[in-house]
Every structure is written in structure tokens, then in C-alpha cells.
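Enquirer: For the sequence shown, the positions run 1 to 281 when the UniProt record's numbering is used. Beta carbons are placed, not taken as given, at the ideal position from N, Cα and C, and that holds for glycine. Quick caveat, the model's predicted, so the values are computed rather than measured. Provided herewith is a single structure, encoded as C-alpha cells, for subsequent inquiry.
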Amino acid sequence: MQTVQDAPALRAAIRGWRSQGQTVGLVPTMGNLHAGHHSLLKLARARADRVVATVFVNPTQFGPNEDFERYPRTLVQDQAGLAEHGCDLLFAPEVATMYPFGAAQSVSIHVPGITDTLEGAHRPGHFDGVATVVCKLFNLVQPDLAVFGQKDFQQLKVIERMVRDLGLPLKVMGAPTLRADDGLALSSRNQYLSEAERNQAPLIRQTLQQMRDLLDKGHARRIIEEAAQSKLERAGFLPDYAVIRRAEDLAEPADGEREGLVALIAARLGTTRLIDNLPFD
Ligand code: PAF
């Protein structure tokens, strides 16, 4: 596996593959990779001739009080895992490559509507940063397909919408969430949990499953959401939301609407903010 840091080297490698008629799959990441990321590579590998992964801790998607500085940078480890899991090329740019005029002076992409709610409401500007950097990566790599984890459900929907609205010529694919044996969704943030918090954390997944079961039994959505919220609070979580939404656009479903729904939770446990979701179909 080759690692490149600048755009000309990236383009040269991709040009070589393109001249042989090969397709390219992209897996954008912020590094600190785990089995969940490796499963994204596996999907890209199955659908494209060549796989490019990116490792870039994107400053514009972190809020002022978020963990940009303490976000773990583990490039050497990441390179070994990527090589082992079938990555052909790693693009690991500096901030100046992605933001040549500085992050504050960057063109910014705003995907309206779907970014107003849930993560967008709790992390203002977050999805502008995500959409902007992902669009830049799409322009640099020009992949045939790109793979994102369904764990970041809203992010996946924002990117799908951006691609459709801007007519970008690639396919966006969502890869299923990978979980520990006790149900906790794999995430780079899990390493911040204390032992006691790690034992508590699977309650998020259990609550999502309970929300689905209660909806199946015909309970009213708002009652289910309130029950989920209190259950998490009683167990020591500080939930930002525990809701059932339409999977397509994350809007509130109408009363009695049962098809195409997803339950989503974001909750703080100690100093760590965890998110997870469960599509019902
Ligand atoms: O999901 C992530 O790791 C990031 O939000 C992404 C998509 C790589 C953009 O920085």
C-alpha cells in the first residue's frame, strides 16, 4: 500500500489505474481505525477494483468545545490495518492541502433541512464541515463509489443528499454498523469510556431495540421516546435525544406512520458522547 500526502501524487496514482480501465472505491476516515472501518474497506474492495482510504482529522467539523485536539492520531497503526485489509492507496493530507486558504476561508457546503435536526442541532456547523471535506475528497479522488458507516446515520443521509443535489457522479454506499458482542457499536470514542461506563454503554443499543419493539406493539411514538429518554437518564446517561424518525429525511413521522423508520440516540456517558441508531426495516 502506498501512502501519499499531496494532491498531485494522489492524482498520478489514480490516473494510472484509470488508464487501465479500473474502478475506484473511496473510504474517507479520520483515522484511529478499528474493525468498523475495516468493514467499510471490505465493502469497497468487493465493489471496486482499487480502494483509496483517506485519514484526515477535519478541523471544520469540530465545534469549539469538541475534541479536535485530543482526537487520537495513530497513523502508523492505521497504515498497518489498512494495508492488511486491502487498501491500495492511503491519502493522508495536511490541513493546508485540504484547506489551501485556511479552514476559516474555505468554501463551505451547507446541506439544508436534514442538517437542522438531531446532530445538526446539537453540533452547529458540524455537517457543513463534513459535507465540505467530503466534497473536496470526492473532487480530489473522483471515485466511482464511496463507503460510509451507517452508525453515523445522519451523516450518511447528508452525504447522499449532497451527492444527489450536486449531481456528483458516484455511488454512496452505507455499510452496516459493527458491534461488540454486548451490542455496543464500535467507535473510536469507546476508548474514552471508563470500565464502569463501558459496562453501561450497551444500554443504548438495548434501548433502541426496546423502542422498536414498543412501536411494533402499537405504542405511541412520543410515549416511547419519553420512556427511552427516562430509562437512559435513570442509568446515568445524559441523553441529547432518543427519537424515532423517518429514515429518508429524519423528519418526524406522522401519527400512525410505521414504514421506513429509524430510532436514533445520542447520549453523554461521563465525558464521552455516544451515538447509535437502529433502522426498523
Ligand atoms: O465519519 C467520519 O469519520 C468523518 O466525518 C468523515 C466522513 C471522514 C469526514 O471527515
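May I ask which residues mark the beginning and end of the alpha helix (DSSP H) holding Arg11?
Expert: Element bounds for Arg11: 7–19.
Enquirer: Mind checking which residues open and close the beta strand (DSSP E) that includes Gly174?
Expert: That run of the beta strand (DSSP E) goes 171–175.
Enquirer: Would you mind reading off the limits of the alpha helix (DSSP H) that contains Gly129?
Expert: 126–141 is the span of the alpha helix (DSSP H), which, as asked, contains Gly129.
Enquirer: Can you list, in chain order, the residues of its chain with a C-beta nearer than 6 Å to that of Phe62? Leave out the 5 residues immediately preceding and following it.
Expert: The residues are Phe68.
Enquirer: So what does DSSP say about Gln2, is it helix, strand or coil?
Expert: Of the three classes helix, strand and coil, the one that applies to Gln2 here is strand, per DSSP.
Enquirer: Going by other Cβ atoms of all chains shown within 10 Å of its Cβ, with 16 needed for buried, is Gln2 buried or exposed?
Expert: That one is exposed.
Enquirer: Taking buried to mean at least 16 other C-beta atoms within 10 Å of its own C-beta, is Thr23 buried or exposed?
Expert: Flag for Thr23 reads exposed.
Enquirer: Tell me whether Asn190, by its Cβ, gets closer than 7 Å to a heavy atom of the ligand PAF.
Expert: Asn190: no, Cβ never under 7 Å from the ligand PAF.
Enquirer: Between the alpha carbons of Pro100 and Ser106, how many angstroms are there, rounded?
Expert: For Pro100 and Ser106, the distance between alpha carbons rounds to 8 Å.
Enquirer: Going by other Cβ atoms of all chains shown within 10 Å of its Cβ, with 16 needed for buried, is Ser194 buried or exposed?
Expert: Exposed, by the Cβ-count rule.
Enquirer: I need the boundaries of the alpha helix (DSSP H) containing Phe153, first residue and last residue.
Expert: Run containing Phe153: 153–166, per the alpha helix (DSSP H) assignment.
Enquirer: Ordered along the chain, which non-local residues of its own chain (more than five positions away) have a Cβ less than 7 Å from that of Gly260?
Expert: Around Gly260: Arg246, Ala247, Glu248, Asp281.
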